[in-house]
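Asks: Got a structure for you, questions after.
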Amino acid sequence: MEKLAGLVMVLLLAAGCASSGKPVDLATVTSVDEPQPVGVEINPPTTSGAASQVPQCDPTASLRPGTQPQPGAMPAGSTMRAIQDRGRLIAGVDQNTFLFGFRNPTSNALEGFDIDRVRDVAAAIFGDPNKVQYKVITSAERIDALKKGEVDIVVRTMTATCERWADINFSTTYYVAGQRVAVDRSSAITGIDQLGGKRVCAAKGSTSIAKLRQSAAPPEVVAVDNWSDCLVMLQQGQVVAVSTDDTILAGMVAQDPNVKMVGPRFTDEPYGIGIPKQNQDMVRFVNGVLERSTANGSWATSYGKWLAQAGGAATPPVARYRD
Ligand code: GLU
34 MEKLAGLVMV
44 LLLAAGCASS
54 GKPVDLATVT
64 SVDEPQPVGV
74 EINPPTTSGA
84 ASQVPQCDPT
94 ASLRPGTQPQ
104 PGAMPAGSTM
114 RAIQDRGRLI
124 AGVDQNTFLF
134 GFRNPTSNAL
144 EGFDIDRVRD
154 VAAAIFGDPN
164 KVQYKVITSA
174 ERIDALKKGE
184 VDIVVRTMTA
194 TCERWADINF
204 STTYYVAGQR
214 VAVDRSSAIT
224 GIDQLGGKRV
234 CAAKGSTSIA
244 KLRQSAAPPE
254 VVAVDNWSDC
264 LVMLQQGQVV
274 AVSTDDTILA
284 GMVAQDPNVK
294 MVGPRFTDEP
304 YGIGIPKQNQ
314 DMVRFVNGVL
324 ERSTANGSWA
334 TSYGKWLAQA
344 GGAATPPVAR
354 YRD
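The opening residue of the sequence shown carries number 34 in our numbering; numbering runs sequentially from there.
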């Protein structure tokens, strides 16, 4: 009897569900806007000057270091002394690029290969790698932050190019990356030549966008503020590929096993530390710091920690000077 009562209850409930309220008519939902990252633009106009207008140069050749002052004893009147007197180095960095400049979610600290370079510079000025005020900036904000003097240095996966040398100074090269393509693990795309007319993501103000435009089969460029926006758009199927430095893509592959890198490198991206144009003493000083980091194993330790797993064994690039 009890069982029967239970069955009747279930049937009544089921009937109630079926008859109460109107079912949603899916046919009336005609379009749902997919959520997109703030600031996304499709095929934005090029901001960089035409390559032909830029004077030829060797973008990897920087200024020779002099005698390095001891930490805490920066020469009077120098850019480094002004930083020492201020009590902190102001560095423009990324917080969205795993392995280079990202925020550790446990400690909330910024970490990565670029952050280690900042810490080396701070240690050389103060004897303390922590005396840094980090300013998180996008790819597109790097040059302006330096020109306006908002930061002392930019260490942010930044390729030294002749066009950028016209506005700022670069240190010697501390790493050479190369542009490649990343796609979903199930994708049949095997390289840049198969991306013509397809939606490909890259960050605004990056060399990556310019290179995609120069491709024999140009894709539809989806330009965003941060590289992490590209990863999310790839995960959501809103773009078929992300194309930028293999270093940045290696970070995405490490974060998401459904992402794979395909095709060979098709550019050279020599990373330099950006420094305001007028601060030549700082350029020589930073180059001295980079020389020391090569000699004392700091570069190698940092490489081993962040990049060796993706990039294999490597040695620091040989410094090139133009004076
Ligand atoms: N290395 C390239 C550049 O400096 C891409 C990396 C980036 O935008 O963060 O433009």
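By construction, the Cβ of each residue, glycine as well, lies at the ideal position given by its N, Cα and C atoms.
#1: Is any heavy atom of ligand 1 found at a distance shorter than 8 angstroms from the C-beta of residue 298?
#2: Going by DSSP, what residue range makes up the beta strand (DSSP E) through residue 200?
#3: Take residue 344 as the anchor and find which of 280, 202 and 99 has the nearest alpha-carbon.
#4: Scan the segment 104–189 and note each continuous beta strand (DSSP E) run of 3 residues or more that stays entirely inside, going in chain order.
#5: If you reduce the DSSP assignment to three classes, tell me which class residue 278 lands in.
#6: What is the chain-ordered set of residues for which the beta carbon lies under 7 angstroms from any non-hydrogen atom of ligand 1?
#7: In the DSSP assignment, find the beta strand (DSSP E) that holds residue 242 and state where it starts and stops.
#8: Would you identify the three-state DSSP class for residue 208, choosing helix, strand or coil?
#9: When DSSP labels each residue in this structure, what does residue 316 get in the three-state scheme?
#10: Can you give the Cα-Cα distance for residue 178 and residue 201, rounded to whole angstroms?
#11: Can you give me the start and stop residues for the beta strand (DSSP E) that residue 256 sits inside?
#12: Suppose you measure from the CA of residue 288 to the CA of residue 166; what does that come to, to the nearest Å?
#13: In this structure, how does DSSP classify residue 222 when only helix, strand and coil are distinguished?
#14: Name the DSSP beta bridge partners of residue 302, please?
#15: Is the Cβ-Cβ distance between residue 170 and residue 126 less than 9 angstroms?
#16: If you draw a straight line from the C-alpha of residue 307 to the C-alpha of residue 135, how long is it?
#17: Closest to residue 106 by CA distance: which of 233, 96, 260 and 156 is it?
#18: For the structure I just gave you, are there three or more beta carbon pairs, one from the segment 260–276 and one from the segment 87–106, closer than 8 angstroms?
#19: When you compare the CB positions of residue 325 and residue 117, do they come within less than 9 angstroms of one another, or not?
#20: In the DSSP assignment, find the alpha helix (DSSP H) that holds residue 90 and state where it starts and stops.
#21: According to DSSP, simplified to helix, strand and coil, what is residue 344?
#22: Distance, Cα to Cα, residue 216 vs residue 88?
#23: Which of the three DSSP states, helix, strand or coil, is assigned to residue 285?
#24: Three Cβ pairs or more, each shorter than 8 angstroms: is that satisfied between the segment 298–305 and the segment 190–207?
#25: Which partner residues of residue 232 appear in the DSSP bridge assignment?
#26: Have a look at residue 290 and residue 218 and give me their C-alpha separation to the nearest angstrom.
#27: Of the choices 296, 265, 328 and 274, whose alpha-carbon is the least far from that of residue 69?
#28: Using the beta-carbon count (16 or more within 10 Å), is residue 276 buried or exposed?
#29: Just the Cα atoms here: how many angstroms apart are residue 283 and residue 109?
Replies: Answer, in terms of the structure:
#1: No, since every heavy atom of ligand 1 falls outside the 8 angstroms radius drawn around the Cβ of residue 298.
#2: Taken as a continuous stretch (DSSP letters only), residue 200 belongs to no beta strand (DSSP E), as it is neither H nor E.
#3: Closest by alpha carbon: 280.
#4: List check, beta strand (DSSP E) in window: 122–126, 134–136 and 165–169.
#5: The three-state reading of DSSP puts residue 278 in strand, counting E and B together.
#6: Any residue whose Cβ sits closer than 7 angstroms to a heavy atom of ligand 1 makes the list: 127, 130, 172, 189, 190, 191, 192, 210, 236, 238, 239, 240, 241, 260, 277, 278, 281, 302 and 304.
#7: Unbroken run through residue 242 is the alpha helix (DSSP H), 240–246; no beta strand (DSSP E).
#8: Of the three classes helix, strand and coil, the one that applies to residue 208 here is strand, per DSSP.
#9: It is helical.
#10: Spanning the two alpha carbons is a distance of roughly 10 angstroms.
#11: For residue 256, the uninterrupted beta strand (DSSP E) run begins and ends at 253–257, by DSSP.
#12: Rounded to the nearest angstrom, the two C-alpha atoms are 27 angstroms apart.
#13: DSSP places residue 222 in the coil class of the three-state scheme, outside both helix and strand.
#14: The bridge partners DSSP lists for residue 302 are 210.
#15: Contact flag set, yes.
#16: Going from the Cα of residue 307 to the Cα of residue 135 covers about 19 angstroms.
#17: Ranked by how close their Cα comes to the Cα of residue 106, the residues 233, 96, 260 and 156 have 156 in first place.
#18: No, the segment 260–276 does not touch the segment 87–106.
#19: No, these two residues do not count as a Cβ contact at 9 angstroms.
#20: Judged by DSSP secondary structure, residue 90 falls outside any alpha helix (DSSP H); it is assigned neither H nor E.
#21: Three-state DSSP puts residue 344 in a helix.
#22: Residue 88 has its alpha-carbon roughly 35 angstroms from the corresponding atom of residue 216.
#23: Looking at residue 285 - three-state DSSP - the assignment turns out to be helix.
#24: These segments touch.
#25: Partner(s): 253.
#26: Cα-Cα distance, rounded: 8 angstroms.
#27: Nearest Cα to residue 69 within the set 296, 265, 328 and 274: 265.
#28: With at least 16 other beta carbons inside 10 angstroms of its own, residue 276 counts as buried.
#29: When the Cα atoms are used, residue 283 and residue 109 turn out to be separated by approximately 43 angstroms.
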